[in-house]
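If you read the sequence shown in the numbering used here, its first letter stands for residue 2, the second for the next number, and so on.
A short write-up of the structure that comes next.
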Amino acid sequence: MAPLVGRDAAVRELTALLGESRLVTLHGTGGVGKTRLAVAVAREVRDPGEAWLVRLDEGLEAGASADEAASFTAGVLGLRDDAGSGGGPAARLGEALRGRRALLVLDNCEHVAGSVARLAAALLRDVADLRVLATSREPLAISGERLWTVPPLAAGAAAALLAERAGIAPGLRNDEAIAAICDRLDGVPLALELAATRVRALGLAGLAERLDDRFRLLSSGARDAPPRQRTLRALIDWSWEPLDERERAVLRRLAVHAGGCTLDAAEAVCGADVETLAGLVDRSLVAVGEGPRYRLLETVAAYGAERLREAGEDGRVRRRHAEYYIGLAERADLRGPGQRDALWRLRAETGNLRAALDGAVRAGDAGLALRLVNAMGWAWFLWGRAGEARRAFGRALAVPGAAEPADAARARTWHTGFAMLDGDGADRDERVREALAADGDPWAHWFLGFVRGGFGDLGPIEELTARALDGFRARGDGWGEAAALAVRAGQALSAGDLAGARRDGERALRLSGTAGDRWGRLQATETLALVAEVTGDYARARELHESGLRDAEELGLWAEASGRLARLGRVAMLEGDLDRADDLHERGRRLAVRESHRRMEHFAEIGLALAARRRGRLAEAEAILRRWLGWCREIDGAPGLAFLLAELGFIAELRGDAGRALDLHTEGLAAARATGHPRAVALAQEGMAGALSLAGRRAEAARALAAASRARAAAARRCPRRSAATSTASPPASARAFLEVGRDAEIRSGG
């Protein structure tokens, strides 16, 4: 028998368990390595007395009686089952063993589980010093049984097994391909060993690419293995054949689910009931997790999908699946008190929702496809999945065929907005007009205004938000009014209207609370926190950002949580705690990377650059800023670009490079003017003043500084002051004066 890989801890645990219990059953899916594990445990047991391995699949047909099982076992033990004074084979076997210390390993019990259960119960009753270690795909279900489920191998152990069986030297391993193979074969040892036989012919990458055809591909195992272990199909056939028709129907229908399903979904889509599901769980064909949630291993799901097509049920069951998950998304309370639970449930069903869209698109059902994406649009928006949403709406809109005009119009609005959130700002005026021509709902005006915020389109945002606000108020929509006021509050802050920002933000916060919408509360508290930052109330800003972070985490909005961490990092920096600022920005960056949210990753990394400059680590700061320069030019737009160029200009000033600083601030001033934000313009002009002063052009520097002062006066607010960056160079007076000024653009900029 080949060496056991990745089971050392299991052997230790089971050895101890067998010392405490007289009957232990190793339970698990076919090919998971129950037999090898049982043999390894038997070898480790201290003082087992006599020990025997009884391979029940090698001598007993399905349905064999308890007497037949007893006779077969006696033969393996070398005992005469006709010895003794009378009774049946089980009684005579018990009599032969009585008084002897023994360990009996009953291997592969599943096809005769009932008979073996009766035999084991009798033997354990009659033989005081007997212990039984059984392996089975289903429990024996008798008193005193300790069930231990054998899991698939963990990723590292699975990779080691595949490489060892395929004879791949460590230096020649394609770790990415190995990981893909192990994942798709669920870490099941027998499946990995079958795969290893194909590595010589196909290579690891070729094998990984062909696993969609796994049953034809993995069809040549060891010649000395039992027939059911020589091919992957035979392995699953062994479990399929004993099922009754109801169990088979439920198992093949479960294959349409992606990532498992709830009991409610199994009942609605598969016609399942608790008893049938429990039977499939007992037979190790269905895994059950918390919830409960029912899941098939990928190989079992592939087998079930084949059986579904053979039964002629594929199209009907997949449509039932799509309709179930569309209904789930349409009923989700994403804007009210049930928001948290609805978001977590939809997140758990991400795989099924994607599969439902795939099914609707393949079936050419435009109506189903559009209903699904429209139902999911708000969840994708809250999660920050602009790219995924853009692709999903594009696919649904491309399906030919009849659909409700209102559904198509709403989908085009979503698609237009997600394209802009994904960084596509081309022809946005025209695209917004086209979307609104078909969808004049106040929500459409609000959404398309909201998504233009990343491009600094102040005029269009103001107009769209005003129309949305009027429409929401006209129909008494408190949620919509809160959403529009939150946008208007942010715009007021950008324009320097702190009173307006505070007024609208507080009203939005109250309305969001009334609606029970915690996302709306997130938007309002962010603006109110930024007002607190600008006015120097850092304690209040920190309190509001921390409240927003708690909301984001509880809702599972990890992109929002990343942003709040970075905002807290900005506050820490304003308070002079650069170590805490770095920690918060790094936490926000890691979270954004995990969520593949480039905008939040950008915002967090810029915070790291700001702190690096303040520490005098100019090369580090410049490297971070330059890494994002191309992204800002192509995607983020003028607001982020203006700020990035200003920061690079300040670094050039601190290095004493007047020419480079002047070039950067000149380009930054053009970008700032394109935004229409007076504070961004002031920031660029202050940078120009520093660069001109460094170049000895004092009169021009004075004019630039005066222009900056006028721009800040136009923004109707004063900047809080904070300490300058640490530098080994002493910048000229105008540059030093600028660095002493609290630049709120550092706070507000998305970049």
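By construction, the Cβ of each residue, glycine as well, lies at the ideal position given by its N, Cα and C atoms.
From a predicted model like this one, the values you see are computed outputs, not experimental measurements.
query	result
Of the choices 263, 268, 657, 679, whose alpha-carbon is the least far from that of residue 352?	263
Do you know how far the Cα of residue 206 is from the Cα of residue 175?	8 Å
In whole angstroms, what separates the C-alpha of residue 140 from that of residue 189?	20 Å
Go ahead and label residue 534 buried or exposed: buried means 16 or more other beta carbons lie within 10 angstroms of its beta carbon, across all protein chains shown.	buried
So, at 7 Å on beta carbons, what are the nonlocal neighbours of residue 312 in its own chain, with the 5 sequence-adjacent residues on each side left out?	253
Could you tell me the distance, in whole angstroms, from the CA atom of residue 522 to the CA atom of residue 551?	11 Å
Name, in chain order, the residues that DSSP records as bridge partners for residue 137.	28
Within 10 angstroms of the Cβ of residue 350, are there 16 or more other Cβ atoms? Answer buried if so, exposed if not.	buried
Measure the C-alpha to C-alpha separation of residue 454 and residue 481 and round it to an integer number of angstroms.	18 Å
What residues in its chain sit with their C-beta under 7 Å from that of residue 412, if we drop five residues either side in the sequence?	371, 374, 375, 394, 397, 398
So the beta strand (DSSP E) residue 52 belongs to, where does it begin and stop?	51-56
Tell me which residues share the same chain as residue 503 and place their Cβ nearer than 6 Å to its Cβ, disregarding the 5 neighbours each side in the sequence.	532
When the Cα of residue 305 is compared with those of 249, 434, 517, which residue comes out closest?	249
Do residue 104 and residue 51 count as a contact pair if the criterion is CB distance below 9 Å?	yes
Residue 1 lies in the alpha helix (DSSP H); which residues open and close that run?	Outside the displayed range of the chain (2 to 752) lies residue 1, so it cannot be described from this structure.
Cutting at 8 Å between CB atoms, please list the residues of its own chain near residue 468, excluding the five before and the five after it.	443, 446
My understanding is that residue 187 touches residue 307, with C-beta atoms under 8 Å, so please give their C-beta distance in whole angstroms.	Not a contact, Cβ separation roughly 17 Å.
Look at the alpha carbon of residue 101 and the alpha carbon of residue 127, and state the distance between them as a whole number of angstroms.	11 Å
Apart from the five residues just before and just after residue 627, which ones in its own chain have a Cβ nearer than 8 Å to its Cβ?	649
Ordered along the chain, which non-local residues of its own chain (more than five positions away) have a Cβ less than 8 Å from that of residue 595?	559
Please report how far the alpha carbon of residue 426 lies from the alpha carbon of residue 632, in whole angstroms.	13 Å
Once DSSP output is grouped into helix, strand and coil, what is the label at residue 292?	coil
Can you tell which of 538, 280, 688 has its C-alpha closest to the C-alpha of residue 246?	280
Residue 21 lies in the alpha helix (DSSP H); which residues open and close that run?	9-21
Between 155, 55, 161, which lies nearest to residue 109 when the distance is taken from Cα to Cα?	55
Mind checking which residues open and close the beta strand (DSSP E) that includes residue 107?	103-108
Any idea if residue 49 is buried or exposed, counting beta-carbon neighbours within 10 angstroms, 16 or more meaning buried?	buried
Quick one: what's residue 254 bridged to in DSSP?	DSSP lists no partner for residue 254.
For the structure I just gave you, are there three or more beta carbon pairs, one from the region 606-613 and one from the region 575-594, closer than 8 Å?	yes
Check this for me: beta carbons of residue 562 and residue 573, under 9 Å apart or not?	no
Taking the C-alpha atoms as reference points, what is the distance between residue 434 and residue 440?	10 Å
Could you give the DSSP three-state label for residue 148: helix, strand or coil?	strand
Less than 9 Å between the C-beta atoms of residue 406 and residue 367, yes or no?	no
What does the alpha-carbon distance come out to for the pair residue 685 and residue 699?	17 Å
Per DSSP, residue 262 forms a beta bridge with which residues?	295
How big is the Cα-Cα spacing for residue 639 and residue 466?	21 Å
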